[in-house]
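Trainee:
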Amino acid sequence: MYDIVIIGAGVSGCAIARELSRYRAKVCVVEKYEDVCCGTSKANSAIVHAGFDAEAGSLMAKLNVRGNEMMEPLAGELDFPFLRNGSLVTMYQEEDRPNLVKLYENGLANGVKGMKILGQQELHAMEPNIAPQAAAALYAPTGGIVCPFGLTIALAENAFTNGVEFRFNTEVQKLQPVKGGWSLTTSTGTMTAKYVVNAAGVYADVFNNMVSKVKIHITPRRGNYCLLDKSTGGFVKHTIFQLPGKYGKGVLVSPTVHGNTIVGPTAVDIADRDGTNTTAEELSELTEKAGRMVRGLPIRQVITSFAGLRAHEEHHEFVIGEVPDAPGFINCAGIESPGLTSSPAIGKMVADLLCNKMGLEPDPDFSGVRKGILDPKKLSHEEYQKLIREKPAYGNMICRCEMITEGEILDAIHRPLGAKSLDGVKRRTRAGMGRCQAGFCSPRTMEILARELGVSQEKITKCGGASGLIVGTNKDSL
Numbered sequence: 005m006y007d008i009v010i011i012g013a014g015v016s017g018c019a020i021a022r023e024l025s026r027y028r029a030k031v032c033v034v035e036k037y038e039d040v041c042c043g044t045s046k047a048n049s050a051i052v053h054a055g056f057d058a059e060a061g062s063l064m065a066k067l068n069v070r071g072n073e074m075m076e077p078l079a080g081e082l083d084f085p086f087l088r089n090g091s092l093v094t095m096y097q098e099e100d101r102p103n104l105v106k107l108y109e110n111g112l113a114n115g116v117k118g119m120k121i122l123g124q125q126e127l128h129a130m131e132p133n134i135a136p137q138a139a140a141a142l143y144a145p146t147g148g149i150v151c152p153f154g155l156t157i158a159l160a161e162n163a164f165t166n167g168v169e170f171r172f173n174t175e176v177q178k179l180q181p182v183k184g185g186w187s188l189t190t191s192t193g194t195m196t197a198k199y200v201v202n203a204a205g206v207y208a209d210v211f212n213n214m215v216s217k218v219k220i221h222i223t224p225r226r227g228n229y230c231l232l233d234k235s236t237g238g239f240v241k242h243t244i245f246q247l248p249g250k251y252g253k254g255v256l257v258s259p260t261v262h263g264n265t266i267v268g269p270t271a272v273d274i275a276d277r278d279g280t281n282t283t284a285e286e287l288s289e290l291t292e293k294a295g296r297m298v299r300g301l302p303i304r305q306v307i308t309s310f311a312g313l314r315a316h317e318e319h320h321e322f323v324i325g326e327v328p329d330a331p332g333f334i335n336c337a338g339i340e341s342p343g344l345t346s347s348p349a350i351g352k353m354v355a356d357l358l359c360n361k362m363g364l365e366p367d368p369d370f371s372g373v374r375k376g377i378l379d380p381k382k383l384s385h386e387e388y389q390k391l392i393r394e395k396p397a398y399g400n401m402i403c404r405c406e407m408i409t410e411g412e413i414l415d416a417i418h419r420p421l422g423a424k425s426l427d428g429v430k431r432r433t434r435a436g437m438g439r440c441q442a443g444f445c446s447p448r449t450m451e452i453l454a455r456e457l458g459v460s461q462e463k464i465t466k467c468g469g470a471s472g473l474i475v476g477t478n479k480d481s482l
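At the far end of the sequence shown sits residue 482, using my numbering, and the numbering has no gaps.
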């Protein structure tokens, strides 16, 4: 029997796992996909929100601000990209000023530091490409940007090296209370746990409603995005929002920590919990809205579009805590935006709850430090030449767009919870994320994966499951 089983290896589940790894407990994370960060956590705006828009006094507001404060030191400990670039909520009509002031006052009530309302002249000096009609903006210097893959993978790797078990390709199908805990029927067998943490994203209501008479309802809210080439990386410096509307913060234009520009998202409520397809209508909508926010939007520099799902709880609030009529079942549900920002605080809140209930003892061997994949681009010429002499794989360029070497891909495969698919390598190294979108490097990456994993290339997938890439060939040649 496990002490704790966490359902879901997204950013919330991995943050909880990392915090629990500080204690002496037998913890397992179960994930239906082949890797961490395969759901909402991989397809979002990559924004660390300041915390001015969540309703004052709500759990969402508290965890947003606390998570924002925790992100920078966490990035130092776990070595993932984070930049506090600041955010701007822009106003285009004078009649909207009361709403901008209200947002500022809400931010003050939430404890957001350093905010101020900028006039037109100051706003345009800060962002020369802002639309001419932009009249004012709420500036929040604590806003930031992060790599969502880097954050989630870092949390998971650190949890794993501190003793947390991860089971992938394992879908939880049924939950039943048993003496002393819970029985989980999964696609790979049955497991038992004293406590279950429900961090299942858009499926979290399914598990809650399986065990409790107090029902919750989560609607998948789809958002389409466009990612622009790195040649646009300096187009804006801050994350630029519109005033929030019925469906949230609306379309944004923002730099990314890797030097691209991101535009999105749309917001459409759908029934399909796996409906991550893009649509022409939504992409056209976000292009039009973003084009009204900034002038000269370089939309022709799009290198990819994608869609993600937000787990929208009907009351727009995080649902975190033990379910009253299901002892030992802990909800971590409704984690939509600002869930990425809040994840460090969510992890601590849930871990503290379990620690208090279970009387967990600190693990004296816990190490909160993790080092990411070596990036040769950050080395001096002399250091890089020395590295190539010692490890020639770092001199073999695989992804030309992102300048990713074989050495980095080998590290991604063999490090804790290593990559097993093309997308696994992509999330860890960015090989395949550049201008050609893996058109050049995929075959070479597949060769490396097959060689290092000891399988034929036929077995290598894009993202696990039935996403095989080689069909209709002479299998013996592979």
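Built from N, CA and C at the ideal position, the CB exists for glycine as well.
Classify Arg455: buried if its beta carbon has 16 or more other beta carbons within 10 angstroms, exposed otherwise.
Mentor: It is exposed - the Cβ of Arg455 has fewer than 16 other Cβ atoms within 10 Å.
Trainee: Run through the DSSP bridge pairs and tell me what Phe333 is partnered with.
Mentor: Phe333 is bridged to Val200.
Trainee: Once DSSP output is grouped into helix, strand and coil, what is the label at Asp427?
Mentor: Note: Asp427 maps to helix in three-state DSSP.
Trainee: Smallest Cα separation from Ile10: which of Val33, Thr265, Glu412, Pro269?
Mentor: The shortest C-alpha separation from Ile10 is found at Val33.
Trainee: Is the beta carbon of Asn133 less than 8 Å from the beta carbon of Phe245?
Mentor: Taking 8 Å as the Cβ cut-off, Asn133 and Phe245 do not qualify as a contacting pair.
Trainee: Quick check on Ile220: does DSSP put it in helix, strand or coil?
Mentor: In this structure, Ile220 counts as coil in the three-state DSSP scheme.
Trainee: Hey, could you find the ends of the beta strand (DSSP E) Thr189 is sitting in?
Mentor: Thr189 -> beta strand (DSSP E) spans 185-190.
Trainee: Roughly how many angstroms separate the alpha carbons of Ile402 and Cys440, rounded to a whole number?
Mentor: Going by the C-alpha atoms only, they are around 13 Å apart.
Trainee: Just reading off the alpha helix (DSSP H) that Tyr96 is part of, what are its end residues?
Mentor: Run containing Tyr96: none; DSSP gives neither H nor E here.
Trainee: Between which residues of its own chain and Glu161 is the CB-CB distance below 6 Å, once the five residues before and five after are set aside?
Mentor: Counting only Cβ-Cβ distances below 6 Å, and skipping sequence neighbours, we find Arg374, Pro420, Leu421.
Trainee: In the DSSP assignment, find the beta strand (DSSP E) that holds Gly123 and state where it starts and stops.
Mentor: Unbroken beta strand (DSSP E) run through Gly123: 120-123.
Trainee: Distance, Cα to Cα, Gly268 vs Pro348?
Mentor: Gly268 and Pro348: Cα-Cα distance of roughly 24 Å.
Trainee: Classify Ser91 as helix, strand or coil using the three-state DSSP reduction.
Mentor: It is a strand residue.
Trainee: Within a Cβ cutoff of 6 Å, which residues of the same chain sit near Pro342, ignoring the five residues on either side of it in sequence?
Mentor: Correct list, in chain order: His53, Asn68.
Trainee: What residue range does the alpha helix (DSSP H) around Val15 cover?
Mentor: Where Val15 is concerned, the enclosing alpha helix (DSSP H) stretches over 15-24.
Trainee: Closest to Tyr143 by CA distance: which of Leu112, Ser191, Thr465 is it?
Mentor: Ranking the options by Cα distance to Tyr143, first place goes to Leu112.
Trainee: Measuring straight from C-alpha to C-alpha, what distance separates Leu231 and Val93?
Mentor: Cα to Cα, the separation comes out at about 21 Å.
Trainee: Drop a sphere of 10 angstroms on the beta-carbon of Asp329, count the other beta-carbons inside from all chains shown, and report buried for 16 or more, exposed for fewer.
Mentor: Flag for Asp329 reads exposed.
Trainee: Identify which residue in Tyr27, Ile452, Tyr6 has its Cα closest to the Cα of Pro368.
Mentor: Looking at the Cα atoms, Tyr27 is the closest of the given residues.
Trainee: Looking at Asn89 and Gly147, is the spacing between their C-beta atoms short of 8 Å?
Mentor: It is a contact, given that the beta carbons lie within the stated cut-off.
Trainee: May I ask you to list the residues that DSSP assigns as paired with Leu231?
Mentor: In DSSP, Leu231 forms a bridge with Ile266, Thr308.
Trainee: Exposed or buried, what is Lys120 when buried is set at 16 or more other beta-carbons lying within 10 Å of its beta-carbon?
Mentor: Classification for Lys120: exposed.
Trainee: Which of the three DSSP states, helix, strand or coil, is assigned to Leu364?
Mentor: Residue state, collapsed to three classes: coil.
Trainee: Rounded to the nearest angstrom, what separates Val215 and Ala397 at their Cα positions?
Mentor: Approximately 51 Å, taken between the alpha carbons.
Trainee: Within 10 angstroms of the Cβ of Lys430, are there 16 or more other Cβ atoms? Answer buried if so, exposed if not.
Mentor: Buried is the call here.
Trainee: Go ahead and pull the three-state DSSP assignment for Met297.
Mentor: In this structure, Met297 counts as helix in the three-state DSSP scheme.
Trainee: What does the Cβ neighbour count give for Gly152, buried or exposed, with the cut at 16 atoms within 10 Å?
Mentor: The question names Gly, but residue 152 in the sequence shown is Pro. Buried, because 16 or more other Cβ atoms sit within 10 Å of the Cβ of Pro152.
Trainee: Measuring CB atoms only, is the segment 77-88 touching the segment 356-368, in the sense that at least three cross pairs come out at less than 8 Å?
Mentor: Too few Cβ pairs lie closer than 8 Å, so no.
Trainee: Does the distance from the C-beta atom of Asn228 to that of Thr283 stay below 8 Å?
Mentor: Yes. Within cutoff.
Trainee: Looking only at its chain, what residues have a beta carbon closer than 7 Å to the beta carbon of Met5, apart from the 5 residues adjacent to it on each side?
Mentor: Here the set comprises Gly185, Thr196, Ala197, Lys198.
Trainee: 8 Å is my cut-off, CB to CB: does Cys230 come that close to chain B?
Mentor: Of the chains in the structure shown, none is chain B; there is only one protein chain.
Trainee: Would Met450 and Leu414 qualify as a contact pair, given that the criterion is a beta-carbon distance under 8 Å?
Mentor: For Met450 and Leu414, no; Cβs fall outside 8 Å.
Trainee: Just how far apart, CA to CA, sit Arg296 and Ala135?
Mentor: Their backbone Cα atoms lie some 7 Å apart in a straight line.
Trainee: Kindly identify the DSSP beta-bridge partner or partners of Ala315.
Mentor: Pro224, per the DSSP bridge assignment.
Trainee: Grab me the residues of Cys359's own chain with a C-beta within less than 7 Å of its C-beta, minus the 5 sequence neighbours each way, in chain order.
Mentor: Tyr27.
Trainee: Output the distance between the C-alpha atoms of Leu24 and Leu287, rounded to the nearest integer angstrom.
Mentor: Rounded to whole angstroms, Leu24 to Leu287 spans 40 Å at the Cα level.
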